[in-house]
Amino acid sequence: MTDVNSPAALPFAVPTSRWDDAYAASLSPEELLLYRSNLLGSDLTVTNFGGGNTSAKLTATDPLTGETVDVLWVKGSGGDIGSMKLDGFATLYQDKLLGLEVHYNGPEDDDKMVGYLPHCTFNLNSRAASIDTPLHSLLPFAHVDHVHPDAIIALAASSGGEEATKEIWGGKIGWLGWKRPGYTLGRMLRDYQRANPGVQGVMMASHGIICWADSAKECYEHTVSLIADAAKYLNAKMEGKPAFGGQVVAPNPDRAAIAADLMPRLRGFMTGSRRKLGHYSDDAEALEFVGSAKFEELAALGTSCPDHFLRTKIAPLTLDPARLQDDAYLAEKIADYREFYAAYYERCKRANSPAMRDPNPVVVLVPGVGRITFATDKTTARLAGEFYGNAINVMRGAEAIGDYIALDEQEAFDIEYWLLEEAKLQRMPAPKPQVGRVAFVTGGAGGIGAATAARFLKEGACVVLADRDANAAEEVRAGFAKQFGKDVVRAVACDVTDEAQVKAAFDYTAREFGGLDVVVANAGIASSAPIDQTTVELWDRNFDVLAQGYFLTAKHAWGLLKRNKDLGGTSVVFIGSKNAVAAAAGASAYASAKAAANHLGRCLALEGAPEGIRVNIVNPDAVIKGSKIWDGDWRKERAASNKIDAGEELEAHYRNRSMLKRDVLPEDIAEAAYFLGSEASAKSTGNMINVDAGNVQAFTR
Numbered sequence: 001m002t003d004v005n006s007p008a009a010l011p012f013a014v015p016t017s018r019w020d021d022a023y024a025a026s027l028s029p030e031e032l033l034l035y036r037s038n039l040l041g042s043d044l045t046v047t048n049f050g051g052g053n054t055s056a057k058l059t060a061t062d063p064l065t066g067e068t069v070d071v072l073w074v075k076g077s078g079g080d081i082g083s084m085k086l087d088g089f090a091t092l093y094q095d096k097l098l099g100l101e102v103h104y105n106g107p108e109d110d111d112k113m114v115g116y117l118p119h120c121t122f123n124l125n126s127r128a129a130s131i132d133t134p135l136h137s138l139l140p141f142a143h144v145d146h147v148h149p150d151a152i153i154a155l156a157a158s159s160g161g162e163e164a165t166k167e168i169w170g171g172k173i174g175w176l177g178w179k180r181p182g183y184t185l186g187r188m189l190r191d192y193q194r195a196n197p198g199v200q201g202v203m204m205a206s207h208g209i210i211c212w213a214d215s216a217k218e219c220y221e222h223t224v225s226l227i228a229d230a231a232k233y234l235n236a237k238m239e240g241k242p243a244f245g246g247q248v249v250a251p252n253p254d255r256a257a258i259a260a261d262l263m264p265r266l267r268g269f270m271t272g273s274r275r276k277l278g279h280y281s282d283d284a285e286a287l288e289f290v291g292s293a294k295f296e297e298l299a300a301l302g303t304s305c306p307d308h309f310l311r312t313k314i315a316p317l318t319l320d321p322a323r324l325q326d327d328a329y330l331a332e333k334i335a336d337y338r339e340f341y342a343a344y345y346e347r348c349k350r351a352n353s354p355a356m357r358d359p360n361p362v363v364v365l366v367p368g369v370g371r372i373t374f375a376t377d378k379t380t381a382r383l384a385g386e387f388y389g390n391a392i393n394v395m396r397g398a399e400a401i402g403d404y405i406a407l408d409e410q411e412a413f414d415i416e417y418w419l420l421e422e423a424k425l426q427r428m429p430a431p432k433p434q435v436g437r438v439a440f441v442t443g444g445a446g447g448i449g450a451a452t453a454a455r456f457l458k459e460g461a462c463v464v465l466a467d468r469d470a471n472a473a474e475e476v477r478a479g480f481a482k483q484f485g486k487d488v489v490r491a492v493a494c495d496v497t498d499e500a501q502v503k504a505a506f507d508y509t510a511r512e513f514g515g516l517d518v519v520v521a522n523a524g525i526a527s528s529a530p531i532d533q534t535t536v537e538l539w540d541r542n543f544d545v546l547a548q549g550y551f552l553t554a555k556h557a558w559g560l561l562k563r564n565k566d567l568g569g570t571s572v573v574f575i576g577s578k579n580a581v582a583a584a585a586g587a588s589a590y591a592s593a594k595a596a597a598n599h600l601g602r603c604l605a606l607e608g609a610p611e612g613i614r615v616n617i618v619n620p621d622a623v624i625k626g627s628k629i630w631d632g633d634w635r636k637e638r639a640a641s642n643k644i645d646a647g648e649e650l651e652a653h654y655r656n657r658s659m660l661k662r663d664v665l666p667e668d669i670a671e672a673a674y675f676l677g678s679e680a681s682a683k684s685t686g687n688m689i690n691v692d693a694g695n696v697q698a699f700t701r
């Protein structure tokens, strides 16, 4: 154990204005609101992903009366101000919003008041208004920003926050105690501003800051300057002081390997209706926090800001780094957490609370290793980690001026199980069938490999493209990232004949996604030569790639796949060949190696069944279009063997020799691989599916 009390890096970046007058001069009032919003939301020193909201009260022509009316443009429910477009704003009649007060009889009406918002919609805008709308409509200012960056929440979540607010801004920024978002909070803000007409904004305990101005530029720059003031103040308070009582556990130099080993085991113990995906971070903030003297004390308090809490649950799970190899310990810790969460639910539930949600932990913290987060999709897991990173910064800043204050347990529950939040969850579309699953595809940059990866990505899986050509794999990954999102696809350089590279590729997969569900062994080569011209080198090369490569892939995937037995099992798919079951003259090395791989697959089906691992085989034939193998010598060799031209004549030859007279494409093989890798074939193992347009020699019966 190391006790290092060296000063930590200061966590709060100081934002500056990025407003471009020349660009802004060309924008309409509505576009200026969007510009301001995007500037705020794209700067993570200003606001978190999906957090904060902005508004402007603008004039428009009423489509019903032709009269000029005031319209509130406010960020709609569930949007992200950093990436939203104009259609992300709700638009509402301002006079109707002000008139809603006649329906308000007290804080118990907050949910009821949300139900009136759709009746105030302007111009049939389908974008739903958020629960924060009253914070904007009831304040008498043209432009309003509400944000909650780390520096602001650090003030809002500290016992010394109110005094610090007075010290920083000298009374120009007010202070309100905690109140859940809604109509009551909007009224409180309005009444506070009326009673204190000189204030330029209000700090809301555990919630953030709200401020205003007469123009879009003034409002943006006011917001940025307030955040900069808070960041400078807190940085000065923390400078030269050890964070969280100083370091007691140093970062483990082997932490990446530890995470790769730990995450699949944790995932395997997180039973439930859907599989989890993991995200690992060993950033400086996480390592500093988990290795600190006050780590356990502060972690137990949970997060403070509602935006953080909704992503991270009531509290994280903490693990003893000395016991990470003990599966019984890990299983017990996760079971204990589920009991802890169920007890929290029972203590806090209301008569009309929704049913208890998934009780598994979202955030797992390990001294010396870092922060691991789990969710049912990769983006949510990543964002949960980032939000807990925000919470760490908040704790550090809050502790510098007082004691960190987390949300009251009942208040936290009432936000997590808010009926309005539940309604939002119920409106979300059903997940795609492969969401929560991880597929690993060797030869992922080739025709069949890329097509197979695309098929799994289309259905919601996360995919790792493993290929010995790192540049080609990265090119395919970049294309898929644009199509499916960067969170769900990775590329890794991997020569399947090199055991160290194969192991490293699976470790990378475990660390990036938390586990493994489907393996498609597809990396291949092809060769053609008469037996008396087949060299030992050529023979060995075929067996190295097509037999040993499949063996090494299965061997190093096996331990990860076994972890999923209690989650419903896993699947291995070998991409074989027609030549594995049908004799081929002039290609004995290739055909024999493919036959060996196919038999390995059948052996593994026997071995895997008790572990819930299914192993099946797809046998393609003559996948010429889109195939890298057929772009090289194999095409020329097969053309020479058949005494035909290597161009269209070759393609016609293979098409016409099939029973169905059809081309076989990479997408056709991908469809079969997807079927065998998915739950559609949950009761199939040890099978071979021919995708060859029909070849009687390859019939398996």
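Numbering follows the UniProt record's numbering, in which position 315 of the sequence shown is assigned residue number 315; successive positions increment by one, without gaps.
Here a beta-carbon is modelled for each residue, glycine too, at the ideal position from N, C-alpha and C.
- Counting along the chain, the unbroken beta strand (DSSP E) around ARG371 starts and ends at 370 to 375.
- Where PHE122 is concerned, there is no enclosing alpha helix (DSSP H), because DSSP gives it neither an H nor an E.
- For PRO429, the secondary structure class from DSSP, reduced to helix, strand or coil, is coil.
- When C-alpha distances from THR376 are compared across GLY370, VAL363 and GLY368, the shortest belongs to VAL363.
- Note on GLY79: 16 or more other CB atoms within 10 angstroms of its CB, so buried under the neighbour-count rule.
- Straight-line measurement puts the Cα of VAL463 at about 52 Å from the Cα of LYS172.
- Check the Cα spacing between GLN697 and each of ARG657, THR685, TYR674 and GLU679: the tightest is with ARG657.
- Annotation for LEU465: the continuous beta strand (DSSP E) segment containing it runs 462 to 467.
- With fewer than 16 other Cβ atoms inside 10 Å of its own Cβ, HIS119 counts as exposed.
- DSSP, reduced to helix, strand and coil, places TYR508 within a helical segment of the structure shown.
- Excluding five sequence positions before and after GLY514, the CB atoms of its chain that fall closer than 6 Å to its own CB belong to MET263, ARG267, LEU277 and GLY278, given in chain order.
- Beta-bridge analysis with DSSP links LEU277 to ALA375.
- Within the segment 165 to 195, the complete beta strand (DSSP E) segments of 3 residues or longer fall at 173 to 176, listed in chain order.
- In the same chain as PRO316, and ignoring 5 residues on each side of it, the C-beta atoms closer than 6 Å to its own belong to ALA299, VAL363 and LEU365, in chain order.
- A straight line joining the alpha-carbon of VAL69 with that of ASP307 spans about 34 Å.
- Straight across, the Cα-Cα distance linking GLU537 with ASP544 is about 10 Å.
- When secondary structure is reduced to three states using DSSP, HIS148 falls in the coil class, being assigned neither helix nor strand.
- In this structure ARG490 is buried. Its beta-carbon is surrounded by 16 or more other beta-carbon atoms within 10 angstroms.
- For the 7 Å CB-CB criterion, ASP621 and ASN695 form a contact.
- Note that the segment 588 to 608 touches the segment 565 to 575; at least 3 beta-carbon pairs, one per stretch, sit closer than 8 Å.
- Shown here, ILE131 sits in coil according to DSSP, grouped into three states, outside any helix or strand.
- Within the same chain, and ignoring the five residues on either side of ASP282 in sequence, the residues whose Cβ sits closer than 8 Å to its Cβ are PRO251, ARG255, ALA256, ALA259, VAL369, GLY370 and ARG371.
- Of the residues TRP558, SER527 and ALA343, the one whose Cα lies closest to the Cα of SER592 is SER527.
- Taking all protein chains in view, the Cβ of ASP467 is crowded by 16 or more other Cβ atoms within 10 Å, so the residue is classified as buried.
- By the Cβ criterion, the segment 216 to 229 is in contact with the segment 34 to 45, since at least three pairs of Cβ atoms, one from each stretch, lie closer than 8 Å.
- About 14 Å separates the beta carbons of VAL691 and ASN579, which is beyond the 8 Å limit, so they are not a contact pair.
- Straight-line measurement puts the Cα of ALA670 at about 34 Å from the Cα of GLN533.
- CA-to-CA, the gap between PHE309 and TYR417 works out to about 12 Å.
- Residue pairing for MET204: DSSP places it in a beta bridge opposite LEU176 and GLY208.
- Relative to GLY52, the option among ASP109, LYS458, GLY160 and MET204 whose CA is nearest is MET204.
- Segment contact: the segment 97 to 113 against the segment 176 to 189, three or more CB-CB distances shorter than 8 Å; contact assigned.
- Residue range 489 to 493 is occupied by the beta strand (DSSP E) that includes ALA491.
- The DSSP-derived three-state label of PRO140 is coil.
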